[in-house]
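Below is one structure, written out as structure tokens; the observations come after it.
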Amino acid sequence: MTNFQQNINKIRADFPILSRKVYGKPLIYLDNAASSQKPSQVIDTISHYYENEHSNIHRGVHHLSAEATKRYEEARKTVQRFIGAEHSHEIIFTKGTTDAINLVANSFGNKFLNEGDEVIVSTLEHHSNIVPWQMICEARGAMLKVIPINEAGELLIDEFKLLLSDKTKIVAVNHVSNALGTINPIKEIITEAKRRDIPVLIDGAQAVPHMKVDVQELDCDFYAFSSHKMFGPTGVGILYGKEKLLNDIPPYQGGGDMIDKVTFEKTTYNDLPHKFEAGTPNIAGGIGLKAAIDYMNEIGVENIAAAERELLDYATQEITQIESVRLIGTAKEEASVLSFLVKDIHPYDIGTILDRLGVAVRTGHHCTEPLMDRFKIPGTVRASFAFYNTKSEIDVFISALKKAISMLS
Amino acid sequence: MTIQSIQEEIVEEFSIFDDWMDKYEHIIESGKELESMSDELKLESNLVKGCQSQVWLHAEMEGTKLVFQADSDAIITKGLVSLMVRTLSGHTPKEILDAELSFVDEIGLKEHLSPTRSNGLVSMIKKIKLYALGFQTKIGS
Ligand SMILES: Cc1ncc(COP(=O)(O)O)c(C=O)c1O
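Keeping their order, the protein sequence lines are chains A and B.
With the working numbering applied, the first sequence covers 1 to 409.
With the working numbering applied, the second sequence covers 1001 to 1141.
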């Protein structure tokens, strides 16, 4: 038994919500891909901040403001180290992944996209890595191109290579698919794009919570992710961007903090990262995110990945014993997500019965309608794991699923 | 039977189950018993969109009564839809407009009427009331 498993009760005790009940049954939370739960270390940090340290940042002469500014900027440095960025000013705080992608789509798009240009995304994308690109393409007269997938839910890299051309201005793909769990070969994608000097944005919302990410090693130009999926508070996200590119593209929103000098004739903009952070930010959120990263580091990202691998393997082995279950997405490389259908039973029905048995899963299209269309299905049932889940929880999930199937057949 | 007495009948029917599972079994059965809507009626204009499951609703006047047919792609939703149709179909627009739907709450399935479930039920009830209002206005004028 690994050290990790021996400590699982201690780890679970860090997450107060895991001991609550729903409908009188112990909560089994398998909806981590939608949002993960928060350890006391994060919750307490946020309360402590509001009780003792709160004030506005980057603008005060007084002690509290200086202290809060320091805490917020420390959080930025923690993120920088966590994802291996070269500079802390390459870390832009946003509201979330969606906000980060919108920032790039608008700012990069307005500067570099012209009539006839192309943006490449993939069939596996979350709506938040499709719609912002669609909107800017429409505004600029550019076109969206889509990397197809195979039946297992893996990107067809040869097809991707064929899509690349002189018209391609940016490639935007996810690191890990939220609907299927596929881990995409982003290193290869980035290398191919780089050959033609095409920048690449990676949507890492489902990767950072589960595996070691090093943006310099990947050599991606942008990398976006959300705090709330990695045990931190909601309302905070990160956009990593290479310094040069961030300097090249215009500000996204105007307001306080992002300016250098304002006159009615002309305004000049602040340096990175502030150029992209207009207005008072989510200070408590940033500080809470730091606590979440500290927590992940303490447990060890490798340990997290290994524990989740074991959970996914076990769940896959158990669920495939149920004859009527059809797994959607069977990629060789997968992370923490089990997406499936049972016969012709609607996912909503299964989700409803599982819910009554205390098991929280997600059902529906998972904000990936084009992907569901590709498989000609209305949606799936998705169980997604975090390191604090256990094999015995998976046992409860499997027996609840069997009960649901027998009720609904 | 009045809408109110049908509701009472349904509540009575469910009162013999004290276990949630039996209640769900009963709803699932009601769903299976509800005749599926013909494909010609499953028009885009009859679709009540829920994010999770979809409901189709068709309304027609028969004499002075408003008659509904409905269907859903999810069986639990379809079961609830069938109870809704059983309660409201075959009444005058005015009766439908005045009806207070209390049975879902009384049989302990209130959560399915929560808009956050987005199963199409809430929108279906709204649409039923809108139909009733439409026909009522027509009759009135
Ligand atoms: C792959 C992926 N991208 C983007 C998002 C959007 O993240 P957020 O809602 O935190 O902005 C999600 C969240 O569901 C996701 O799974």
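A virtual CB, placed ideally from N, CA and C, is assigned to each residue, including glycine.
Could you tell me how far apart the beta carbons of residue i and residue j are, in whole angstroms, since I believe they sit closer than 8 angstroms?
| i | j | result |
| --- | --- | --- |
| B/Ala1070 | B/Asn1119 | At roughly 13 angstroms, the Cβ-Cβ gap does not stay under 8 angstroms, so B/Ala1070 and B/Asn1119 are not in contact. |
| A/Ala278 | A/Asp257 | 6 angstroms |
| B/Ile1128 | B/Ile1096 | 7 angstroms |
| A/Phe93 | A/Gly286 | 6 angstroms |
| A/Phe411 | A/Tyr295 | Because chain A here runs from 1 to 409, residue 411 of chain A falls outside it and cannot be looked at. |
| A/Ile350 | A/Thr363 | 7 angstroms |
| B/Ser1089 | B/Phe1068 | 4 angstroms |
| A/Met211 | A/Ala305 | 5 angstroms |
| A/Ile394 | A/Glu302 | Incorrect: roughly 22 angstroms between the Cβ atoms, too far for contact. |
Using CA atoms only, rank isn't needed, just tell me which of the options is closest to residue i.
| i | options | result |
| --- | --- | --- |
| A/His89 | A/Val79, A/Lys187, A/Val42 and A/Pro370 | A/Val79 |
| A/Asp221 | A/Val119, A/Met211, A/Leu246 and A/His210 | A/Leu246 |
| B/Leu1043 | B/Glu1035, B/Leu1101, B/Met1061 and B/Leu1057 | B/Leu1057 |
| B/Ile1027 | B/Tyr1131, B/Leu1101 and B/Leu1083 | B/Leu1083 |
| A/Ile411 | A/Ala172, A/Asp197 and A/Thr263 | Chain A is shown only over 1 to 409; residue 411 of chain A falls outside these bounds and no answer can be derived. |
| A/Ile259 | A/Leu103, A/Asp271 and A/Asp248 | A/Asp271 |
| A/Lys376 | A/Ala307, A/Thr268, A/Asn7 and A/Leu341 | A/Leu341 |
| A/Lys38 | A/Leu27, A/Ser128, A/Gly24 and A/Lys229 | A/Lys229 |
| B/Ile1006 | B/Phe1014, B/Thr1087 and B/Phe1135 | B/Thr1087 |
| A/Glu333 | A/Leu180, A/Val121 and A/Asn7 | A/Leu180 |
| A/Asn282 | A/Arg309, A/Val262 and A/Ile238 | A/Ile238 |
| A/Asp99 | A/Trp133, A/Lys145 and A/Lys77 | A/Trp133 |
| A/Ile183 | A/Thr191, A/Ala205 and A/Ser165 | A/Ala205 |
| A/Leu408 | A/Gly379, A/Thr380 and A/Thr352 | A/Thr352 |
| A/Ala404 | A/Pro273, A/Gln5, A/Val381 and A/Gln317 | A/Val381 |
| A/Tyr240 | A/Ala224, A/Ser47 and A/Pro250 | A/Ala224 |
| B/Ser1015 | B/Ser1114, B/Leu1121, B/Phe1135 and B/Val1104 | B/Val1104 |
| A/Phe15 | A/Leu30, A/Glu318 and A/Ser40 | A/Ser40 |
| B/Lys1078 | B/Glu1008, B/Val1048, B/Lys1065 and B/Leu1133 | B/Val1048 |
| A/His365 | A/Arg356, A/Gly379 and A/Gly358 | A/Gly379 |
| B/Leu1080 | B/Ala1099, B/Lys1023, B/Asp1018 and B/Thr1002 | B/Lys1023 |
| A/Ala207 | A/Ile319, A/Lys391, A/Glu159 and A/Ser35 | A/Ser35 |
| A/Gly358 | A/Leu327, A/Glu159, A/Ser399 and A/Asp373 | A/Ser399 |
| A/Asp344 | A/Lys145, A/Ile57, A/Ser55 and A/Val325 | A/Val325 |
With a 10 Å radius around its C-beta and 16 neighbouring C-beta atoms as the bar for buried, classify residue i as buried or exposed.
| i | result |
| --- | --- |
| A/Arg20 | exposed |
| A/Ala331 | buried |
| A/Arg195 | exposed |
| A/Phe264 | exposed |
| A/Glu86 | exposed |
| A/Tyr50 | exposed |
| A/Lys266 | exposed |
| A/Met1 | Interpretation of A/Met1 is limited by its pLDDT of 49, a score under 50 that renders its predicted location unreliable; no figure is taken from the coordinates. |
| A/Gly116 | exposed |
| A/Asn32 | buried |
| B/Tyr1131 | buried |
| A/Val262 | exposed |
| B/Glu1062 | exposed |
| A/Glu125 | buried |
| A/Tyr29 | buried |
| A/Ile17 | exposed |
| A/Gly235 | buried |
| A/Gln321 | exposed |
| B/Gly1134 | exposed |
| A/Glu154 | buried |
| A/Ser336 | buried |
| A/Lys145 | buried |
Would the beta-carbon of residue i fall within 8 angstroms of that of residue j?
| i | j | result |
| --- | --- | --- |
| A/Leu401 | A/Leu354 | yes |
| A/Asn114 | A/Tyr252 | no |
| A/Phe387 | A/Ile299 | yes |
| A/His346 | B/Ser1053 | yes |
| A/Ile136 | A/Gly109 | yes |
| A/Ile147 | A/Ser122 | yes |
| A/Thr45 | A/Gly288 | yes |
| A/His175 | A/Asp219 | no |
| A/Lys169 | A/Glu118 | yes |
| A/Ile8 | A/Arg374 | no |
Since residue i sits in a beta bridge, which residues does DSSP pair it with?
| i | result |
| --- | --- |
| A/Asn174 | A/Asp203 |
| A/Tyr223 | A/Ile202 and A/Tyr240 |
| B/Gln1069 | B/His1058 |
| A/Arg326 | A/Leu341 |
| A/Asp31 | A/Ser384 |
| A/Ala360 | A/Tyr29 |
| A/Leu144 | A/Val119 |
| B/His1091 | B/Leu1066 |
| A/Val262 | A/Thr267 |
| A/Val22 | A/Lys25 |
Under 8 angstroms between C-beta atoms, does residue i make it to chain D?
| i | result |
| --- | --- |
| B/Ala1074 | The chain inventory of the structure shown lacks chain D, comprising the protein chains A and B. |
For this session: Considering only heavy atoms of ligand 3, list every residue whose Cβ is less than 5 angstroms from one of them, following chain order.
Result: Among the ligands modelled here, namely ligand 1, ligand 3 does not occur.
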